[in-house]
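So the protein sequences, as listed, match chains A and B.
According to my numbering, the first sequence is numbered sequentially starting from 12.
According to my numbering, the second sequence is numbered sequentially starting from 1234.
Written below as structure tokens is the structure these notes are about.
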Amino acid sequence: MTNIHKVEVKDEWFKPKEKGLEKVETVVRPSLSYWADAWRRLQKNKLAMIGLFFLIFLGVAAILIPMLSPHSVTGTDLPNQNKAPSMQHWFGTDELGRDVFTRTWYGARISLFVGLMAAIIDVTIGIIYGGISGYKGGKVDLVMMRIIEILYGLPHLLVVILLLVVMEPSLTTIIVALTITGWVGMARIVRGQVLQIKNYEFVTASKSFGAGTSRIIRKNLLPNTMGPIIVQMTLTVPSAIFSEAFLSFLGLGIQAPYASWGVMANDALPVILSGDWWRLFFPALFIAITMFAFNVLGDGLQDALDPKLRG
Amino acid sequence: MVKYIIQRFLMMIVTILIIATLTFFLMHAIPGSPLDSDRTTNPAIQENLEKFYKLDQPLSSQYVSYLKSIITFDFGPSIKKPNETVNSLISRGFPISFELGMVTILVAVISGVILGTLAALRHNGVVDYLAMTFAVVGISLPNFILATLVIKVFAGELGWFPAATWQSPMHMVLPTLALATGPMAIIARLTRASMLEVLTQDYIKMAKAKGLKPWKIIIRYALRNAMMPVVTIMGTMLASILTGTFVIEKIFAIPGMGKYFVESINNRDYPVIMGTTVFYSTFLVVMLFLVDIVYGILDPRIKLHKKEGDAS
């Protein structure tokens, strides 16, 4: 509560303000575009930046390390079974003498590839479907949303398991199975955003200048829905990585001799109590850190891309 | 309200029908018959087997009898396990899985809400910081990894709890811990976020102004409203806990339905896969339906007959 009675009235308040147009026109600070501002605010979030840098590092290392490592991903070395971490094998070896370090980084390739591909396909289908549904509205929207509601009600992972049981297990199969049901969430978000934005004045203005449907969707609607789409994407990637690990753990993922983190964790399961901790520890650590990095980055992006929090 | 319930009910039936149909045609799209094996079987036996599993009939009549079997809740015999039917597996495994699921949900909701509320009340304090760190870690750790970790630590190193099977309350501690941590972390975050919002509302100030005791305000007014988002995600949470039971039961050797389901996947026991998938899906879809109805009853501000998506 401000104390009104004690405010001192000063004379200078009532002096006329100095004229001079050039001063009025000066820009106080450089104007920032939406993206520049979002980036500035993301940089302030230390945790999110750590996540971002870790993911960049993970991506680069996943490409380079399996190429540079002296050990091969599938090469077995039977005399050196189940060796604890050492100078030669940094993360130890598994029951066939394969180098866990190399396999873990190879697993990073698989996991990131599955996560990114699933996210890209989800976004593409989601934008097209959600965009049309939200923009057209009316009967089209009604029918399209009914379809979505039914798909949304399907137990996602059960359908994926069913598909994987039937189809030949491979990386493509996993990505297809994950995206067949995965795009629905994205489509809902895009539709909600489009529904809201299409009634704004700048869209009407664009229409009155004669812009066609596709131009309005591309130039007006999509750029303004990018924020929530990017946030949803950073959440899709870890959930796809988790699903891949989960399915591999059930024996439905990528097949031997190739490795993903889930496969490695599954293979290590029988030996955890016997003390060969490294075989489970490293793939598990990588899954957890990667999920963590995506989660904090997603949280940070959510705050940074929210125009309401802009300041 | 009644109109909405009827509409949702019809949707539920359609969803179940779609799952059932999808399952049926996927299983029949598999090259070769489920009865194929490496050994050459006597043609007469093969024929009898096909007759027994109704594989000799045309696809359409197989489909009809399949739908009938779903309605009468009779999923037929297992191919790989002699003297077992899908029903016997479900009736043996489901109570255990259900128990595990329910305990998990209770633990997750109660501790998640308490943690989230404490974090919100001590906003930006040490408790808040610790709780949210725990939450992010909990969300990032997949349950099958957490399961192996708790076995290693609490059963292996410390020896406090048994590592496997499902016999006494002591056996339930580790599987529940592994399964509940993820959902608990999500609930804690949600509760904190909505609690922070609710605490700034006018009716909370009003309650404070009236001189109500702080804990009474929290429980009577704040928590009740802050719980709404938690109820909303209960559906998805149920689904994730349910699929979580697959791996948890596998790791802890719990003789629940998830274990049979994973087994049936691994030895390609198609009738069991079909039956359990349809059973799981139906269970989930019905639960989702119930959650929606409960949500409508709890929050009078939500007009259920309003079309979904209008709000966003």
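Even glycine gets a Cβ: it sits at the ideal position worked out from N, Cα and C.
This structure is a prediction, so every number in the text was calculated from the model and none was measured.
1) For A:D278, count the other beta carbons within 10 Å of its own beta carbon; 16 or more makes it buried, fewer makes it exposed. Which is it?
2) To the nearest angstrom, report how far apart B:S1545 and A:Y211 are at their CA atoms.
3) What does B:T1310 pair with, by DSSP beta-bridge criteria?
4) For A:V18 and A:L308, what's the separation of their Cα atoms in angstroms?
5) How about B:S1324 and B:P1504: do their beta carbons lie closer than 9 Å?
6) Could you check where the alpha helix (DSSP H) with B:L1255 kicks off and where it finishes?
7) Can you pull the DSSP bridge partners for A:T104?
8) Using a beta-carbon distance cut-off of less than 7 Å, what residues from the region 290–306 of chain A approach chain B?
9) Could you please tell me which residues of the region 172–188 of chain A, in chain order, have their CB closer than 8 Å to any CB of chain B?
10) Quick check on A:M12 - is its C-beta less than 9 Å from some C-beta in chain B?
11) What does the alpha-carbon distance come out to for the pair A:G70 and A:L63?
12) With distances taken from CA atoms, which of A:P166, A:M237, A:W116 is nearest B:F1512?
13) Of the choices B:M1234, B:E1280, B:V1369, B:M1405, whose alpha-carbon is the least far from that of B:P1488?
14) Let me see if you follow: with CB-CB separation under 9 Å, is B:Y1513 close to chain A or not?
15) Starting from B:F1387, find everything on chain A with Cβ-Cβ shorter than 7 Å and list it in chain order.
16) For A:W50, count the other beta carbons within 10 Å of its own beta carbon; 16 or more makes it buried, fewer makes it exposed. Which is it?
17) Kindly indicate which residue of A:P239, A:F68, A:G273, A:G264 has the alpha-carbon position closest to the one of A:T183.
18) Label B:T1256 either buried or exposed according to how many other C-beta atoms from any shown protein chain fall within 10 Å of its C-beta, with 16 as the threshold for buried.
19) By how many angstroms is the C-alpha of B:G1468 removed from the C-alpha of B:I1246?
20) Which one of B:A1421, B:G1415, B:L1456, B:T1414 has the shortest CA to CA distance from B:Q1434?
21) Quick check: A:R202 and A:G145, are their CB atoms within less than 9 Å of each other?
22) Please state whether DSSP places A:P180 in a helix, a strand or coil.
23) Given this structure, state the Cα-to-Cα distance separating B:V1346 from A:Y140, to the nearest angstrom.
24) Do you know how far the Cα of B:Y1299 is from the Cα of B:D1543?
25) Where B:F1306 and B:T1318 are concerned, what is the direct C-alpha to C-alpha distance, given to the nearest angstrom?
26) Helix or strand or just coil, what does DSSP make of A:L232?
27) For chain A, check one thing: does any of its Cβ atoms lie closer than 9 Å to the Cβ of B:F1308?
28) Just to confirm my understanding: we take A:L189, look at its own chain, exclude 5 residues before and 5 after, and list those with CB closer than 7 Å. What are they?
29) Would you report the Cα separation of A:S219 and A:K230, rounded to the nearest angstrom?
30) Between the Cα of B:T1509 and those of B:M1234, B:A1253, B:Q1240, B:E1280, spot the shortest distance and give me the residue it belongs to.
31) Touch check for the region 1321–1340 of chain B and the region 1519–1526 of chain B: three-plus C-beta pairs under 8 Å?
32) Taking buried to mean at least 16 other C-beta atoms within 10 Å of its own C-beta, is B:E1280 buried or exposed?
33) Counting Cβ pairs closer than 8 Å, one from the region 1442–1454 of chain B and one from the region 1359–1369 of chain B, do we hit at least three?
34) Under 9 Å, Cβ to Cβ, is there at least one residue of chain A near B:S1298?
35) Would you kindly work out how many angstroms separate the C-alpha atoms of B:L1537 and A:W24, rounded to a whole number?
36) Using a Cβ cut-off of 7 Å, which residues of the region 147–162 of chain A contact any Cβ in chain B, in chain order?
A quick look at the data gives this:
1) buried
2) Bear in mind that a pLDDT of 35 at B:S1545, under 50, signals an unreliable position, so the number given afterwards is only what the model happens to contain. Rounded to whole angstroms, B:S1545 to A:Y211 spans 15 Å at the Cα level.
3) First, the amino acid is wrong: residue 1310 of chain B is Pro here, not Thr. Looking at the DSSP output, B:P1310 bridges to B:T1318.
4) Approximately 47 Å, taken between the alpha carbons.
5) no
6) Counting along the chain, the alpha helix (DSSP H) containing B:L1255 begins and ends at 1235–1262.
7) According to DSSP, A:T104 bridges with A:D110.
8) L291, A295, I298, A299, M302, F303, N306
9) I172, L173, L174, V176, V177
10) Reliability fails at A:M12, whose pLDDT of 49 lies under 50, so the model's placement of it is uncertain and the value that follows must be treated cautiously. So no, A:M12 is outside the interface.
11) 11 Å
12) Closest by alpha carbon: A:P166.
13) B:M1405
14) yes
15) Near B:F1387 there are no residues of chain A at all, since even the closest Cβ is about 12 Å away, more than 7 Å.
16) Its Cβ having fewer than 16 others within 10 Å, A:W50 is exposed.
17) A:G264
18) buried
19) 17 Å
20) B:L1456
21) yes
22) coil
23) 36 Å
24) The pLDDT assigned to B:D1543 is 43, lower than 50, so where the model puts this residue is not dependable; a value taken from the coordinates is nonetheless given after this. Cα to Cα, the separation comes out at about 39 Å.
25) 12 Å
26) helix
27) For B:F1308, the answer is no, since every Cβ of chain A falls outside 9 Å of its Cβ.
28) A129, V171, A251, S254
29) When only Cα atoms are considered, A:S219 and A:K230 end up about 15 Å apart.
30) B:A1253
31) No contact exists between the region 1321–1340 of chain B and the region 1519–1526 of chain B.
32) exposed
33) Taking one beta carbon from each stretch, the region 1442–1454 of chain B and the region 1359–1369 of chain B have fewer than 3 pairs nearer than 8 Å; the two do not touch.
34) no
35) For B:L1537, the predicted structure reports a pLDDT of 48, less than 50, and the residue's modelled location is therefore unreliable. The matter cannot be settled from this model.
36) M156, E160, I161
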